[in-house]
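Single-structure report; data block below.
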Amino acid sequence: MTNGGRRVTTATGAMLADPNRLGNPAGQNHAAVFDPDFWRARGALAAAPGGRGSTWFIRAGDREWVLRHYLRGGFAARLVRDRYWWVGEERVRAFAEYRLLEALLERGLPVPRPVAAGYSRRGPAYRCDLITERIPDVEPMSMALARGPLPEAQWRAVGATVARLHRAGVDHADLNAHNILIDDRGRVSVIDFDRGRLRAPGPWSARNLERLHRSLAKLSHGWPSGRFDAGHWRWLVTAYAGE
Numbered sequence: 016m017t018n019g020g021r022r023v024t025t026a027t028g029a030m031l032a033d034p035n036r037l038g039n040p041a042g043q044n045h046a047a048v049f050d051p052d053f054w055r056a057r058g059a060l061a062a063a064p065g066g067r068g069s070t071w072f073i074r075a076g077d078r079e080w081v082l083r084h085y086l087r088g089g090f091a092a093r094l095v096r097d098r099y100w101w102v103g104e105e106r107v108r109a110f111a112e113y114r115l116l117e118a119l120l121e122r123g124l125p126v127p128r129p130v131a132a133g134y135s136r137r138g139p140a141y142r143c144d145l146i147t148e149r150i151p152d153v154e155p156m157s158m159a160l161a162r163g164p165l166p167e168a169q170w171r172a173v174g175a176t177v178a179r180l181h182r183a184g185v186d187h188a189d190l191n192a193h194n195i196l197i198d199d200r201g202r203v204s205v206i207d208f209d210r211g212r213l214r215a216p217g218p219w220s221a222r223n224l225e226r227l228h229r230s231l232a233k234l235s236h237g238w239p240s241g242r243f244d245a246g247h248w249r250w251l252v253t254a255y256a257g258e
């Protein structure tokens, strides 16, 4: 069972953490665990590929984590890169994602395990971060396709995994080829549930699939032929439909 995370007050905000997973690497300065420089000084930090400079891999002893700093997207990012309007702690994006991931794990879904989430508030705005366990031996679907074609079984595995999420009511706000991970045995996981939520069945599931299709179509313009076409998509959606 998940525990909802232990809340800890920090100097400028608060954090949620699973003490058994996080431990106490920063002593009394709890918020330091979200500072890349804290880990860099210990030789434990590496930039994650494709993370827009906001995602890092951390090695803390025998544990491997992913640290993600939340950034705005779209037009708002030009004005305010990483600040969000404060509307209460329950609406902090990192806290919401932490709790959603715990709920999805309880449902047996292939998502990363949350370790800690934190925010720092200044006036009417806040910044936030999330640490999750790193899923071993995986690469994004986008990177796998950039290297070479995927077999039919892999496309079907992706479709079946998305179907599992949708049957559980998981609306992923940004389902794309970067957020679908494939391990060295062909198993599929899904990451980055910022703004995701649990919902009753509805047209949102079709919108999720359309977003994934747009992502693959856009990326395929830079790939050699044969990496993504109508036949590949047919394999995915057939598996999604359970056929």
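For what it's worth, my numbering labels the leading residue of the sequence shown as 16, then goes sequentially.
Every residue, glycine too, gets a C-beta built ideally from N, C-alpha and C.
Who are the Cβ neighbours of residue i in its own chain at under 8 Å, not counting the five residues just before and after it?
| i | result |
| --- | --- |
| R108 | Y85, Y99, C143, D209, R210 |
| M16 | Residue placement at M16 cannot be trusted, given a pLDDT of 42 that sits under 50; what the coordinates show is reported in the next sentence. Result list for M16: E121, in chain order. |
| A183 | L119, R122, L124, L213 |
| I34 | The displayed chain sequence assigns Pro, not Ile, to residue 34. Counting only Cβ-Cβ distances below 8 Å, and skipping sequence neighbours, we find R21. |
| T24 | none |
| I150 | P127, L196, D198, S204, I206 |
Alpha carbon to alpha carbon, what distance is there between residue j and residue i?
| i | j | result |
| --- | --- | --- |
| L298 | N191 | Residue 298 falls outside the range modelled here, since the chain spans only 16 to 258, and no answer is possible. |
| V102 | H181 | 29 Å |
| W238 | N39 | 44 Å |
| R242 | G138 | 48 Å |
| E148 | A63 | 14 Å |
| K233 | Y141 | 33 Å |
| R87 | R106 | 15 Å |
| V177 | R78 | 28 Å |
| V203 | H45 | 33 Å |
| G257 | S69 | 37 Å |
| E225 | A41 | 43 Å |
| R74 | L60 | 7 Å |
| A172 | G246 | 15 Å |
| R8 | V185 | Because residue 8 is not part of the residues shown, which for the chain are 16 to 258, the question remains open. |
| L37 | A131 | 7 Å |
| E117 | H228 | 28 Å |
| F72 | V81 | 5 Å |
| M156 | D244 | 15 Å |
Per the DSSP calculation, residue i is bridged to which residue(s)?
| i | result |
| --- | --- |
| M30 | V23, G133 |
| V205 | I195 |
| L213 | V185 |
| L60 | I73 |
In chain order, what residues of the same chain lie with their CB nearer than 7 Å to the CB of residue i, ignoring the 5 residues before and after it?
| i | result |
| --- | --- |
| A161 | W238 |
| Q169 | I197, G201 |
| A215 | G184 |
| A111 | none |
Counting only the same chain and skipping the five closest in sequence on each side, list residues whose C-beta sits under 6 Å from that of residue i.
| i | result |
| --- | --- |
| F53 | A47 |
| G217 | none |
| W219 | D186 |
Please tell me whether residue i has its Cβ less than 8 Å away from any Cβ of chain D.
| i | result |
| --- | --- |
| F243 | Of the protein chains in the structure, only one exists, and it is not chain D. |
Hey, is the segment 196-216 in contact with the segment 232-252, meaning 3+ C-beta pairs nearer than 8 Å?
-> no
Which runs of the beta strand (DSSP E) fall wholly inside the segment 69-101 and span at least 3 residues, in chain order?
-> Taken in chain order, the complete beta strand (DSSP E) segments of 3 residues or longer contained in the segment 69-101 are 70-75, 78-84.
Kindly provide the ranges of any beta strand (DSSP E) runs that are 3 or more residues long and lie completely inside the segment 129-191, ordered along the chain.
-> 129-137, 140-148, 153-155
Is the segment 155-173 touching the segment 119-136 in the sense that three or more CB pairs, one from each, lie closer than 8 Å?
-> The segment 119-136, when compared against the segment 155-173, does not touch it at the 8 Å Cβ threshold.
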